[in-house]
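**Student:**
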Amino acid sequence: MADIHVEEFYKDVAIALVQLYGSFPRRVNVFVEDIAGPDEPDEFGLHSKRHMACFSALLWLQEEGLLRYVDTIRQDALDQAVLTQKAFVRLSSPTLEHQALPRESVEREALPDSVQKDLSTHIHRIRQALKSGHSGRISEAVQTAFFEDTPG
């Protein structure tokens with residue numbers, strides 16, 4: 001069983017990537033509260049550890065070359081964020097498990113090619129994992145999208 005902060009990290013990353021993919025190529029503000037939930041700073045104006053962990057996950061995505069942004073809005077959001085070409089291409093590409101499925105599969109054969117392609121992408125897998133709410137599926141989908149070997 002993974003540490004809870006690592007599971008939250010994968011969920012935060014997944015939500016942020018889905019938000020940015022959904023608005024690509026437009027630049028948008030990515031608010032920590034939209035990802036981690038509401039936060040009430042303490043009497044000193046400091047955010048909770050959960051809020052700061054989410055904010056740090058967003059900064060990490062930039063450091064790893066998966067998104068760009070113009071500035072931060074305090075510790076509440078990224079201003080004018082957009083996926084990098086590297087992240088967009090990876091999220092749009094088919095997963096290795098879908099590439100390995102035979103084209104003659106009955107379920108796949110019944111669907112139009114464009115739908116088959118959409119259903120085989122990393123972004124679709126991440127969305128499905130988020131929809132399930134299962135932390136193991138979420139972390140596996142993010143890991144597969146960015147840490148598995150690419151074909152080629």
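Residue numbers 1 to 152, in UniProt numbering, belong to the letters of the sequence shown in order.
Glycine included, every Cβ here is placed at the ideal spot set by N, Cα and C.
Keep in mind the model is a prediction, meaning the values are calculated, not measured.
Strictly by DSSP, which residues pair up with Ala81?
**Tutor:** The count along the sequence shown starts at 1 and reaches residue 81 at position 81. Answer is Val28.
**Student:** Take Gln62 and list the residues in its own chain whose beta-carbon comes closer than 7 angstroms to its own, dropping the five residues that flank it on each side.
**Tutor:** By one-based count along the sequence shown, residue 62 stands at place 62. So the qualifying residues of the chain are Arg68 and Tyr69.
**Student:** Give me, in chain order, the residues of the same chain whose beta-carbon lies closer than 7 angstroms to that of Ser132; leave out the 5 immediate sequence neighbours on both sides.
**Tutor:** Walking along the sequence shown from the start, residue 132 turns up at place 132. Excluding positions up to five away in sequence, the list is empty.
**Student:** Closest by CA to Ala141, which one among Asp3, Ile4, Val18 and His5?
**Tutor:** Here residue 141 refers to the residue found at position 141 when the sequence shown is read from its first residue. Ranking the options by Cα distance to Ala141, first place goes to Val18.
**Student:** Name, in chain order, the residues that DSSP records as bridge partners for Arg68.
**Tutor:** Numbered from its first residue, the sequence shown carries residue 68 at position 68. Note: Arg68 sits in a beta bridge opposite Val82.
**Student:** Between Ile123 and Tyr21, which are expected to be in contact by the criterion C-beta below 8 angstroms, what is the C-beta distance as a whole number of angstroms?
**Tutor:** Along the sequence shown, one-based indexing puts residue 123 at 123. Along the sequence shown, one-based indexing puts residue 21 at 21. Right, their Cβ atoms sit about 5 angstroms apart.
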